[in-house]
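Novice: Heads up: the sequence shown begins at 346 in our numbering, then just goes up one per residue.
Here a beta-carbon is modelled for each residue, glycine too, at the ideal position from N, C-alpha and C.
Take this structure first; my questions come after.
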Amino acid sequence: MKIKNLVRENILNLKPYTSARSSYLSGILLDANENGFGSVVEDEYSLELNRYPDPAQKSLRKKMSEYLNVPEANICFGVGSDEIIDLLIRIFCEPRIDKVMILQPTYGMYKVACDINNVKTINVDLTESFQIDFGKIKEFYSDEVKIIFLCSPNNPTGGLISKSDIINLADSCDSIIAVDEAYIDFSENDTLTSEVLNHNNIVVIRTFSKAWGLAGIRCGYCVADEFIISLLMNVKAPYNINKFIFHIINEAISRKSVKDDFVTRILHERERVFNELIDLKGIDEVYHSDSNFLLFRCDNSKNILNSLAEKGIIIRERSGHKYLNNCLRVTIGTVEENMLFLKSIKELL
Ligand SMILES: Cc1ncc(COP(=O)(O)O)c(C=O)c1O
Numbered sequence: 346m347k348i349k350n351l352v353r354e355n356i357l358n359l360k361p362y363t364s365a366r367s368s369y370l371s372g373i374l375l376d377a378n379e380n381g382f383g384s385v386v387e388d389e390y391s392l393e394l395n396r397y398p399d400p401a402q403k404s405l406r407k408k409m410s411e412y413l414n415v416p417e418a419n420i421c422f423g424v425g426s427d428e429i430i431d432l433l434i435r436i437f438c439e440p441r442i443d444k445v446m447i448l449q450p451t452y453g454m455y456k457v458a459c460d461i462n463n464v465k466t467i468n469v470d471l472t473e474s475f476q477i478d479f480g481k482i483k484e485f486y487s488d489e490v491k492i493i494f495l496c497s498p499n500n501p502t503g504g505l506i507s508k509s510d511i512i513n514l515a516d517s518c519d520s521i522i523a524v525d526e527a528y529i530d531f532s533e534n535d536t537l538t539s540e541v542l543n544h545n546n547i548v549v550i551r552t553f554s555k556a557w558g559l560a561g562i563r564c565g566y567c568v569a570d571e572f573i574i575s576l577l578m579n580v581k582a583p584y585n586i587n588k589f590i591f592h593i594i595n596e597a598i599s600r601k602s603v604k605d606d607f608v609t610r611i612l613h614e615r616e617r618v619f620n621e622l623i624d625l626k627g628i629d630e631v632y633h634s635d636s637n638f639l640l641f642r643c644d645n646s647k648n649i650l651n652s653l654a655e656k657g658i659i660i661r662e663r664s665g666h667k668y669l670n671n672c673l674r675v676t677i678g679t680v681e682e683n684m685l686f687l688k689s690i691k692e693l694l
């Protein structure tokens, strides 16, 4: 597929900003109007915070390349995966002309990012079992659809979308297929990252905010065709990834076993919470989850939500879609948090 044909003309013609640190990261650095004397907190962190970070994200991309077994040229980091979502829309969608298709129900940020960029969205429902509905996509698809967003495992429904269906979609559409894998670590299924080498229109978006436990530092990345990555690198803010992120993510990847241990514990708890919830009178349905949360349907969901909040237990209402009437979403917490949640909801039901 010719990705070039999907890109906005102003982005194709863009002469990107060449930052001082694009050329030199060391030497007698008198080129970027930094403070050569140091930073006011330098001794505490030893990160040379007086110097700008590497705009090319070289060390991080190398580390991630080894971790994923995907070339560095196919990886770009963003300030949370939310930044990647926004950049994709800005690269491919001409405001008020192009469209983005969103497979619903799903994560709300795709639509918000389109609204901010003045890009029209077409909501297409997944099937009732939350899989791709090819018939519906065909019905609403047009040449103006530059990106199709889908999320697997999906938020808020929790389950995976068939990998072979996603690949079929990529093969059958002349659009970018943006696959959000924020929750992939909690699933037993393979990621699509290796597919970007065979399908140049698949962009896999991932984050350190979930399994890695690093929501506070704001770091996401995407794996995509080399040309798409070069566009992302041109359009992102030159120094989007700061030195704290470099330091922490570098450290985090070296401690993969800690992440794996978190995942094991969360999956164990997910099974326990699922089994207890499903047996409760007043709970109509608990959806299968490949994520770190459970979606369930119960009588009087609004009252349950509010009464739990009064007890200091905060979960999320997710009933905004016709498939999700009376649905609530609960994140799997620690053993103690889950016990308190289950005890409280039992009392309320
Ligand atoms: C599906 C999905 N994608 C992306 C994000 C946001 O990720 P980040 O924290 O990397 O911006 C979330 C956050 O809840 C999410 O549910």
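Return the residue from the list Y390, Y397, I348 and N355 that minimises the CA-CA distance to P583.
Specialist: Y397
Novice: Going by DSSP, name the residue or residues bridged to E662.
Specialist: Looking at the DSSP assignment, E662 forms a beta bridge with L673.
Novice: Starting from V469, follow its DSSP beta bridges and name the residues at the other end.
Specialist: Note: V469 sits in a beta bridge opposite L448.
Novice: Suppose you measure from the CA of S368 to the CA of P361; what does that come to, to the nearest Å?
Specialist: 14 Å
Novice: Does the beta-carbon of S371 have 16 or more other beta-carbons within 10 angstroms, so that it is buried, or is it exposed?
Specialist: It counts as exposed.
Novice: Verify whether the separation of the beta carbon atoms of L433 and Q449 is less than 9 Å.
Specialist: no
Novice: Which same chain residues end up closer than 6 Å to F485 when comparing Cβ atoms and leaving out the 5 residues on each side of it in sequence?
Specialist: I467 and V469
Novice: Throw me the rounded Cβ distance for the F572 and I492 pair, which I believe falls under 8 Å.
Specialist: In fact, because the Cβ distance is near 15 Å, the residues do not count as touching under 8 Å.
Novice: Might you give, ordered along the chain, the residues of its own chain that have their beta carbon closer than 8 Å to the beta carbon of D635, omitting 5 neighbours on each side?
Specialist: Around D635, the same chain offers P498, G503, G504, L505, Y528, F531, S532, E533 and N534 as residues with beta carbons nearer than 8 Å, after the five sequence neighbours per side are excluded.
Novice: Under 8 Å, with one C-beta from each stretch per pair, do the stretch 458-467 and the stretch 615-629 reach the 3-pair mark?
Specialist: no
Novice: What does the alpha-carbon distance come out to for the pair R615 and K407?
Specialist: 34 Å
Novice: Beta-carbon within less than 6 Å of P501's beta-carbon, same chain only, minus the 5 sequence neighbours each way: which residues are those?
Specialist: Only L640, R663 and R674 meet the Cβ criterion.
Novice: Measure the C-alpha to C-alpha separation of K444 and V385 and round it to an integer number of angstroms.
Specialist: Taking the straight line from one Cα to the other gives about 47 Å.
Novice: By how many angstroms is the C-alpha of L693 removed from the C-alpha of K581?
Specialist: 48 Å
Novice: According to DSSP, A523 sits in a beta bridge with which residue or residues?
Specialist: F494 and V548
Novice: Answer yes or no: do F703 and L405 have a C-beta to C-beta separation smaller than 9 Å?
Specialist: This structure does not reach residue 703, given that the chain is present from 346 up to 694, and the question cannot be answered.
Novice: Does the count of Cβ pairs from the stretch 651-659 and the stretch 606-614 closer than 8 Å reach three?
Specialist: no
Novice: Let me check one thing: in DSSP terms, what residues is E379 bridge-paired to?
Specialist: Per DSSP, none; premise fails for E379.
Novice: Verify whether the separation of the beta carbon atoms of L577 and V352 is less than 9 Å.
Specialist: No; because the gap between Cβ atoms is not below 9 Å, this pair is not in contact.
Novice: Relative to the C-alpha of K456, which residue among F494, E439 and V680 is closest?
Specialist: F494
Novice: Which residues count as close to ligand 1 when the rule is a CB under 6 Å from any of its heavy atoms, in chain order?
Specialist: G425, S426, D427, Y452, C496, N500, D525, A527, T552, S554, A560 and G565
Novice: Kindly indicate which residue of I373, E681 and N545 has the alpha-carbon position closest to the one of A569.
Specialist: When only C-alpha atoms are compared, the closest one is N545.
Novice: Measure from the alpha carbon of S487 to the alpha carbon of each residue in F475, E393 and M446, then state which is nearest.
Specialist: M446
Novice: Less than 9 Å separating the beta-carbons of M346 and I598?
Specialist: no
Novice: What are the boundary residues of the alpha helix (DSSP H) that includes I611?
Specialist: That run of the alpha helix (DSSP H) goes K601 to I623.
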